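**Student:**
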Amino acid sequence: MRSNLILSVVVLLLIFLPVGDWALVPLENAVRTQLPDHVDGIIIIGGDEDARVTQAHEMPAMLDSARRYVGFVKLAKEFPQARLFYSGGQGSLTPLRTMKEADIAKLQITELGIAPDRVIYEGNSRTTYENAALSAAIAGDDIKKNWVLVTSAYHMPRALLTFRQQGWNITGYPVGYFAEGTIGLRLAKGFTHNLYELQLALHEYIGLFWYWLMQYSGALWPN
-3 MRSNLILSVV VLLLIFLPVG DWALVPLENA VRTQLPDHVD GIIIIGGDED ARVTQAHEMP
57 AMLDSARRYV GFVKLAKEFP QARLFYSGGQ GSLTPLRTMK EADIAKLQIT ELGIAPDRVI
117 YEGNSRTTYE NAALSAAIAG DDIKKNWVLV TSAYHMPRAL LTFRQQGWNI TGYPVGYFAE
177 GTIGLRLAKG FTHNLYELQL ALHEYIGLFW YWLMQYSGAL WPN
């Protein structure tokens, strides 16, 4: 009986209060955009590119990561001299998936007006740590120059810490905000939306702790 009451309270909270929003606010507010006057390179981290849907409809398919591409292309056009990198996606192919996520990224970035030969595609990384490490192996000593990192705002704290731990001289350019930016009393946007935001936030908080524990990030939270 008591467990049913607790469950009912939790469900009501998730229906009416923006718990997921509140959980995302600290993550999304952790890194503010402060671009250097001169940018030598821009790197985007891939996310949820869908190879099977892309193949089925013959057009790039993605969810939240779409907003990363908009930010990346905006910066690429603002800094035409900058070196461009894409990093991300499971690199393996299967009978049901004949495209890598990097292939989808190339389609999307090209459709948005960036010449294919301007971007270097690293398509074998499966984690944020591998994004930073494998891209650093390609970039070499250039990681000491002025770089800008593009990823979702909720993912930026862990991503920025991890890239800096690998030696990148890098500034964050967070995009794709979910939360309103403050922890205030307001109605939730919906039960499933609340759960989705809460899942994103919990994944990142656990990831921040794990990366710090494994010495992938060097700190629990960005300064």
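Quick note: the sequence shown uses the working numbering, first residue -3, plus one each step.
No residue lacks a Cβ here, since even glycine has one placed at the ideal position from N, Cα and C.
From a predicted model like this one, the values you see are computed outputs, not experimental measurements.
1) Evaluate contact between the region 21 to 30 and the region 153 to 166, counting only Cβ atoms and requiring at least three cross-stretch pairs below 8 Å.
2) Within a Cβ cutoff of 6 Å, which residues of the same chain sit near residue 58, ignoring the five residues on either side of it in sequence?
3) How far does the alpha helix (DSSP H) with residue 76 in it reach, from first residue to last?
4) Which of helix, strand or coil does DSSP assign to residue 217?
5) Here's a check: name, in chain order, each residue in its chain whose Cβ is nearer than 8 Å to the Cβ of residue 109, leaving out the five neighbours to either side.
6) Report yes if the C-beta distance between residue 76 and residue 185 is below 8 Å; otherwise report no.
7) For residue 198, which residues of its own chain have a beta-carbon under 8 Å away from its beta-carbon, when the five flanking residues on both sides are left out?
8) Taking the beta carbon of residue 151 as the centre, do at least 16 other beta carbons fall within 10 Å, making it buried, or is it exposed?
9) What number of angstroms, rounded off, separates the C-alpha of residue 121 from the C-alpha of residue 192?
10) From the DSSP output, in three-state form, read off residue 147 for me.
11) Please confirm whether any heavy atom of the ligand GDP lies closer than 7 Å to the CB of residue 75.
12) Roughly how many whole angstroms lie between the Cα atoms of residue 212 and residue 160?
13) Per DSSP, what kind of secondary structure is residue 157 in: helix, strand or coil?
14) Note down the Cα distance separating residue 190 from residue 203, rounded to an integer number of angstroms.
15) Starting from residue 170, follow its DSSP beta bridges and name the residues at the other end.
16) How many angstroms separate the CA atom of residue 39 from the CA atom of residue 188?
17) Starting from residue 115, follow the beta strand (DSSP E) in both directions and report where the run begins and ends.
18) Go through its chain and collect everything with a Cβ distance to residue 208's Cβ below 7 Å, but skip five positions before and after it.
**Tutor:** Let me lay it out:
1) yes
2) Position 62 of the sequence shown, counting from 1, holds the residue named residue 58. Only 44, 45 meet the Cβ criterion.
3) Within the sequence shown, numbered from 1, the residue matching residue 76 stands at position 80. Neither: residue 76 is in no alpha helix (DSSP H) and is coded neither H nor E.
4) Taking the sequence shown and counting its residues from 1, the one referred to as residue 217 is at position 221. Residue 217: coil per DSSP, three-state reduction.
5) Against the sequence shown, residue 109 aligns to sequence position 113. Excluding positions up to five away in sequence, the list reads 69, 73.
6) If you number the sequence shown from 1, residue 76 lands on position 80. If you number the sequence shown from 1, residue 185 lands on position 189. Not closer than 8 Å, so no.
7) Residue mapping note: residue 198 aligns to position 202 of the sequence shown, counting from 1. Excluding residues within five positions, the ones whose Cβ falls inside 8 Å are 19.
8) Looking up residue 151 in the sequence shown gives position 155. That one is buried.
9) For the purposes of this step, residue 121 is taken as the residue at position 125 of the sequence shown. For the purposes of this step, residue 192 is taken as the residue at position 196 of the sequence shown. Residue 121 and residue 192: Cα-Cα distance of roughly 24 Å.
10) Taking the sequence shown and counting its residues from 1, one reaches residue 147 at position 151. DSSP places residue 147 in strand when its eight states are reduced to three.
11) This structure does not include the ligand GDP; it has no bound ligands of any sort.
12) In the sequence shown, the residue the question calls residue 212 occupies position 216. In the sequence shown, the residue the question calls residue 160 occupies position 164. The alpha-carbon atoms of residue 212 and residue 160 are separated by roughly 10 Å.
13) For this step, residue 157 is matched to residue 161 along the sequence shown. In this structure, residue 157 counts as helix in the three-state DSSP scheme.
14) The count along the sequence shown starts at 1 and reaches residue 190 at position 194. The count along the sequence shown starts at 1 and reaches residue 203 at position 207. If I take the Cα positions, the gap works out to 20 Å.
15) As a working mapping, residue 170 is identified with position 174 in the sequence shown. According to DSSP, residue 170 bridges with 147.
16) The residue given as residue 39 occupies position 43 in the sequence shown. The residue given as residue 188 occupies position 192 in the sequence shown. Using only the alpha carbons, I get a separation of about 32 Å.
17) For the purposes of this step, residue 115 is identified with residue 119 of the sequence shown, where counting begins at 1. Taken as a continuous stretch (DSSP letters only), the beta strand (DSSP E) holding residue 115 covers 115 to 118.
18) Locating residue 208 in the sequence shown gives position 212, counting from the first residue. Closer than 7 Å at Cβ, skipping near neighbours: 215, 216.
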